[in-house]
Amino acid sequence: MMNRFVEQTEKYVKKLGMIGRDDVVAAGVSGGADSVCLLFVLCALREQIGFTVKVCHVNHGLRGADADADERYVKELCRRLGVECRLFHENVELIAAKRKQSLEEAGRMVRRAALEKMCAEDNCTKIATAHHRDDNAETVLLNIARGTGLRGLCGIWPVRGNWIRPLLWAGRREIEEFLREQGTEWRTDATNEEDIYTRNRIRHRVIPLLERDVNPAAAVHLTELSGQARELWDLLEQKTQEARDRCVHTDESGRLILDITALEAEHPAVRKQLVKCCIAGVLGSEKDIAAVHVRDVLALSGRQSGRMVTLPGGVCADRICGGIRIGRREAAESRRGFSPAPESGDAPRIITRIIEQRDVRLPEDIPQKGYTKWLDYDIIKNSLSIRKRRPGDYLRIDNTGSRQKLKTYFINEKIPREERDKLWLIADGPEIVWIPGYRMNCAYYVTESTERILEIKITEDGTNVRDDQSIDPGRES
């Protein structure tokens, strides 16, 4: 007889069409109660529905022996359940420092990248994570507190593309009760009990307070609210796509043109969402787009031709006759383009462009020419400059983030003293990004976590820029 918890999960999975016969499901398993429960339930359903389960485990390198013990636990659990397990090891602390992210955010991105990599390489058709009802309630509250629109009220989606959350119907107490009934232990991450993370404070303080002093079913009602918001969001997206066909066209240079007369005939909610989608389409992401940017673009409809507003990521919108045009500014106007140094008058000519990673294949598309390089655009701190060396210059020489003084590098590479002051350098403040003809800074390498790529191309040889065409993305010799 099927366990009640498994039975409920099966109904939820079938209702939302999460898994079908012959699917191959990559399940993220950390060793904690939620992910262990997910693995047990998927294994209980795999023969009945007719799908295959594979496990993805990421060791973040943050908790030393405890993290290694988690890894051993997951490997042994998979062995007992007859499930293929793939392990990933990442230095999340270094990644967080490079990207100026919290450990929590960097860890989330690393886990997502590992699951997507496994899905692509191991022929998986679905990616399953162990998010549950309480996670969803925390997400909705967090979004409300930080400031959100309708989309933030949607919380965690049960199905989004090939990502599925089979346990989203259940609460944390039900999950742990199921594991106890199975006689199954799980690993406990001590950091989950600390209140250093915002989400943990909501989990340990806010939701218990709501359930104790307001309504015992607070988390359930927040989940119901998110479900209603998702229905409205689906409707809004449908209406926005219909409005796009009526209101938007592309000019000869690829910029988007919004017809003002057609735009003003739309419902205000549709207008706002359409403008946001247009900005995101040019930018390649919604991450940095705020309500103020949408308002500024809409306000152009009442302005005279020639008025312009600046948007995130080198995008701008300007008023033209009969419409609003949205497109990218030239690379030289971008907030992190090149700013020439005083001595750069005789420097080689530099051409730059920004590329979205979604438009390329890694690593196949990385340029193999010695004088075209790709950098991780989003970790650049300042305007890049092309200049000669200065006191205090350094570069990072390996993936651990180790720094080396530029002078030391020159000595190690046996570059003649008289040549050192003549070499052109691509610099991000005091950090040397690239020594054309020699090597790149390891910290700026393009990886699978990169979102935007800055391409730098030297199109005219300058004095003392070595002419070689090595394919090595680091040292060019």
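Here my numbering is used: position 80 in the sequence shown is 1485, and no number is missing along the way.
Backbone N, C-alpha and C fix where the C-beta goes; we use that ideal spot for every residue, glycine too.
Source: prediction; values computed, not measured.
- [ ] Scan the segment 1568–1641 and note each continuous alpha helix (DSSP H) run of 4 residues or more that stays entirely inside, going in chain order.
- [x] 1577–1587, 1603–1606, 1612–1618
Task: residue 1480 versus residue 1490: straight-line alpha-carbon distance, rounded - done: 7 Å
Open item on the list: I need the boundaries of the beta strand (DSSP E) containing residue 1429, first residue and last residue.
Closed with: 1429–1433
Open item on the list: Counting C-beta neighbours from all protein chains within 10 Å, is the total for residue 1409 16 or more, i.e. buried, or is it exposed?
Closed with: exposed
Open item on the list: Run through the DSSP bridge pairs and tell me what residue 1760 is partnered with.
Closed with: 1858
Open item on the list: Using a Cβ-Cβ cutoff of less than 7 Å, which residues in the same chain neighbour residue 1786 once the five nearest sequence positions on both sides are dropped?
Closed with: 1833, 1834
- [ ] Determine contact between the segment 1590–1597 and the segment 1433–1442, defined as no fewer than three beta-carbon pairs at a distance below 8 Å.
- [x] yes
Task: N- and C-terminal bounds of the beta strand (DSSP E) containing residue 1493 - done: 1489–1494
Open item on the list: Please return the same chain residues whose Cβ sits closer than 7 Å to the Cβ of residue 1631, not counting the five positions on each side in sequence.
Closed with: 1541, 1545, 1558, 1559, 1560
Open item on the list: Using the three-state DSSP reduction, which class does residue 1665 fall into: helix, strand or coil?
Closed with: helix
Task: Assigned secondary structure, residue 1413 (DSSP; H/G/I helix, E/B strand, else coil) - done: helix
TODO: Measure from the alpha carbon of residue 1450 to the alpha carbon of each residue in 1547, 1825, 1423, 1464, then state which is nearest.
DONE: 1423
Open item on the list: Assuming residue 1684 is part of the beta strand (DSSP E), what are its boundary residues?
Closed with: Segment 1673–1688 is the alpha helix (DSSP H) holding residue 1684; no beta strand (DSSP E) there.
TODO: Consult DSSP for residue 1876 and reduce its assignment to one of helix, strand or coil.
DONE: In this predicted model, residue 1876 has a pLDDT of only 29, less than 50, meaning its place in the structure is not dependable enough to derive any value.
- [ ] Kindly indicate the opening and closing residues of the beta strand (DSSP E) around residue 1720.
- [x] 1720–1725
Open item on the list: Under 8 Å, with one C-beta from each stretch per pair, do the segment 1623–1640 and the segment 1533–1540 reach the 3-pair mark?
Closed with: yes
Task: Member of 1465, 1601, 1797, 1605 whose CA lies at the smallest distance from the CA of residue 1813 - done: 1797
- [ ] Could you check which residue in 1842, 1772, 1727, 1607 has the C-alpha nearest to that of residue 1551?
- [x] 1607
TODO: Please say whether residue 1801 and residue 1836 have beta carbons closer to each other than 9 Å?
DONE: yes
Open item on the list: For the pair the segment 1698–1705 and the segment 1632–1644, tell me if three or more CB-CB distances fall below 8 Å.
Closed with: no
TODO: Verify whether the separation of the beta carbon atoms of residue 1859 and residue 1754 is less than 9 Å.
DONE: no
Task: the segment 1425–1434 in contact with the segment 1460–1470 per 3-pair CB rule at 8 Å - done: yes
Open item on the list: According to DSSP, simplified to helix, strand and coil, what is residue 1885?
Closed with: Since the first residue shown for the chain is 1406 and the last is 1882, residue 1885 is missing from the structure and cannot be characterised.
TODO: Just the C-alpha distance for residue 1693 and residue 1716, rounded to the nearest angstrom, thanks.
DONE: 9 Å
TODO: Find the nearest neighbour of residue 1500 within the set 1854, 1482, 1555, judged by alpha-carbon distance.
DONE: 1854
Task: DSSP state of residue 1484 mapped onto helix, strand, coil - done: helix
Open item on the list: Can you list, in chain order, the residues of its chain with a C-beta nearer than 8 Å to that of residue 1655? Leave out the 5 residues immediately preceding and following it.
Closed with: 1661, 1662
Open item on the list: Closest to residue 1645 by C-alpha separation, out of 1670, 1676, 1511, would be which residue?
Closed with: 1676
Task: Residue range of the beta strand (DSSP E) that includes residue 1732 - done: 1728–1733
- [ ] Take the Cβ of residue 1428 as the centre, count every other Cβ of all protein chains shown within 10 Å, and call the residue buried at 16 or more, exposed below.
- [x] buried
- [ ] Mind reading off the beta-carbon distance from residue 1789 to residue 1851? Whole number of angstroms is fine, and I expect it under 8 Å.
- [x] Wrong, their Cβ atoms sit about 15 Å apart, outside the cutoff.
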